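J.: Residue numbers (our numbering), protein chains in the order written: chain E, 7 to 227; chain C, 2 to 226. Note that beta-carbon positions come from the ideal geometry of N, C-alpha and C, so glycine has one too. Only a predicted model underlies this, so the values are computations on that prediction, with no experimental measurement involved.
1. Would you give the residue range spanned by the alpha helix (DSSP H) that residue 129/C belongs to?
2. Does the beta-carbon of residue 83/E, which I'm using as the reference point, lie nearer than 7 Å to any heavy atom of the ligand MG?
3. In the structure shown, what three-state DSSP assignment does residue 80/C receive?
4. Under the three-state reduction of DSSP, which class applies to residue 188/E: helix, strand or coil?
5. Taking the DSSP output, what are the residues bridged to residue 90/E?
6. Run the CB neighbour count on residue 33/E, radius 10 Å, all protein chains shown included, and call it buried at 16 or more, exposed below.
7. How about residue 13/C and residue 22/E: are their beta carbons less than 8 Å apart?
8. What residues from the region 57-74 of chain C come within 9 Å of chain B, judged by C-beta to C-beta, listed N to C?
9. Note down, in chain order, each residue of its chain lying with its Cβ closer than 6 Å to the Cβ of residue 48/E, except the 5 sequence neighbours on either side.
10. Rounded to whole angstroms, how far is the Cβ of residue 162/C from the Cβ of residue 45/C, which I believe are closer than 8 Å?
11. Which same chain residues, not among the five before or five after residue 180/C, have their C-beta less than 7 Å away from its C-beta?
12. Using a Cβ cut-off of 8 Å, pull out every chain E residue sitting near residue 92/C, in sequence order please.
13. Under 8 Å by Cβ, that's how I've got residue 99/E and residue 89/E pegged, so tell me the actual separation to the nearest angstrom.
14. Please classify residue 71/E as buried or exposed, where buried requires at least 16 other C-beta atoms within 10 Å of its C-beta.
15. Looking at chain C, which residues of the region 140-151 of chain E have a Cβ within less than 8 Å of any of its Cβ atoms?
16. Just verifying my parser: in three-state terms, what is the DSSP assignment at residue 168/E?
17. Give me, in chain order, the residues of the same chain whose beta-carbon lies closer than 6 Å to that of residue 158/E; leave out the 5 immediate sequence neighbours on both sides.
18. In chain order, what residues of the same chain lie with their CB nearer than 7 Å to the CB of residue 215/E, ignoring the 5 residues before and after it?
19. For a test of the three-state rule: what should DSSP assign to residue 163/E, helix, strand or coil?
20. Among 70/C, 178/C and 26/C, which residue has its Cα nearest to the Cα of residue 17/E?
21. For a cutoff of 8 Å on Cβ pairs, would you count residue 195/C as touching chain E?
22. When you compare the CB of residue 188/C with every CB in chain E, is at least one pair closer than 8 Å?
23. Could you confirm whether any beta carbon from chain C is found closer than 8 Å to the beta carbon of residue 215/E?
24. Quick check: is the beta carbon of residue 113/E nearer than 8 Å to any beta carbon in chain C?
25. Only counting the same chain, and skipping five residues up and downstream in sequence, which positions put a Cβ closer than 6 Å to that of residue 140/E?
26. Residue 124/E lies in the alpha helix (DSSP H); which residues open and close that run?
27. Check whether chain E comes within 8 Å of residue 78/C, counting only Cβ atoms and requiring the distance to be less than that.
28. Here's the rule I'm using: 16 or more other beta-carbon atoms within 10 Å means buried, otherwise exposed. How should residue 43/E be labelled?
29. Helix, strand or coil: which one does DSSP assign to residue 66/C?
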């Protein structure tokens, strides 16, 4: 069509690309710190509700260990454990695990367990359950997940760790039975894990994120 | 004289050539995020900002861009602007960003933006192009808000829930009119129904107006799209 030299187009493109890159880089400079702070704040904000009624004085996020699959915790994704201390005394552990058998894919759960094995709080972090039915596991939609606070492996009896419809102790969600079943199963599983690996969970060093907690629990046995 | 044409431009963007209702552009985000009012408003603001900025940049560079490379340049400009908007949202509205998720980066694929760059901004001066971005973006944002409000009200029984994601502060439940709603409207099919109702309502109003006045046939035009 035209016999404009190609190099001219190349130069124009390069100039525009450089300008756009500068624009993005500038915005990144401007926002990077805020975004980092927001991320940390959001993490702390989403973790602390699962520690109801506990005294602790360390930032929760500083004592994180992540365990790559395969592991003995629920779910096939990487599991995360945050150790919570008051001074140097361990007071609780927060588990981020996945309930595999949700209605629409895995449900990412936050399970807080105090040293004596009672639940300090459960929160659903991520899910794809049906809006209006299964999504009532979110605390903004209903109080369903709050009913687990204070329970442990011994209370109720292991056979009663189920929704009422299945002969258990816990309330169900009308119109959604798969979701509660999956969540209860994952909570029970996590409690069992904590009971048998309590010391191993706290003996692993946080500064070594790759540390293999499975090894530590082997030694303990 | 100026104010008359300004009024005309607003009428065009908000009603006669509304990007969502008439041109049916940007339907993917429109259908996906409008389950609540605050989501619609958030994505509306983001799209409006990108549209104004991209129109401004495309128009400012129009005289020295060779026609054969204009499309890659539009893509570059729009993609960079969307990245900037995404970063700004992450920094100042982190909750809203989490709620809108992938649909902020996906503004890149909103055809309304590249369409305005090609049809308008590449042929008009900067000021006029920014105004075009404003009216078209407003038209799109208002439609997002209207559908969001409609679906939230009937689907969830609330209005303006979670406005804290935009204005800060404690989580707000909004105006709660009922505990439950008509679930269908929150689910994806509800988005299609709502948009269909909105388009039908617009056409019905246009029809009535046309009958009232001397018929100027604009109808064929909107039917052909």
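T.: Working from what's here:
1. 127-157
2. Among the components modelled here there is no ligand, and therefore nothing to report on the ligand MG.
3. helix
4. It is helical.
5. Bridge partners of residue 90/E: 98/E.
6. buried
7. no
8. Of the protein chains in the structure, E and C, none is chain B.
9. none
10. That belief does not hold up - the Cβ atoms of residue 162/C and residue 45/C are roughly 17 Å apart, past 8 Å.
11. 158
12. 36, 37, 40, 41 and 44
13. 6 Å
14. buried
15. 146
16. coil
17. 123 and 124
18. Note that residue 215/E scores 48 on pLDDT, short of 50, meaning its location in the model is unreliable; the coordinates nonetheless yield the value given after this. Within the same chain, residue 215/E has close Cβ partners 71 and 72.
19. coil
20. 70/C
21. no
22. At least one CB atom of chain E sits nearer than 8 Å to the CB of residue 188/C.
23. In this prediction, residue 215/E has a pLDDT of 48, which is less than 50 and means its spatial position is unreliable; what the coordinates show is noted afterwards. Residue 215/E is outside the set of residues whose beta carbon lies under 8 Å from a beta carbon in chain C.
24. no
25. 109, 182 and 185
26. Neither: residue 124/E is in no alpha helix (DSSP H) and is coded neither H nor E.
27. For residue 78/C, the answer is yes, since a Cβ of chain E falls inside 8 Å of its Cβ.
28. exposed
29. coil
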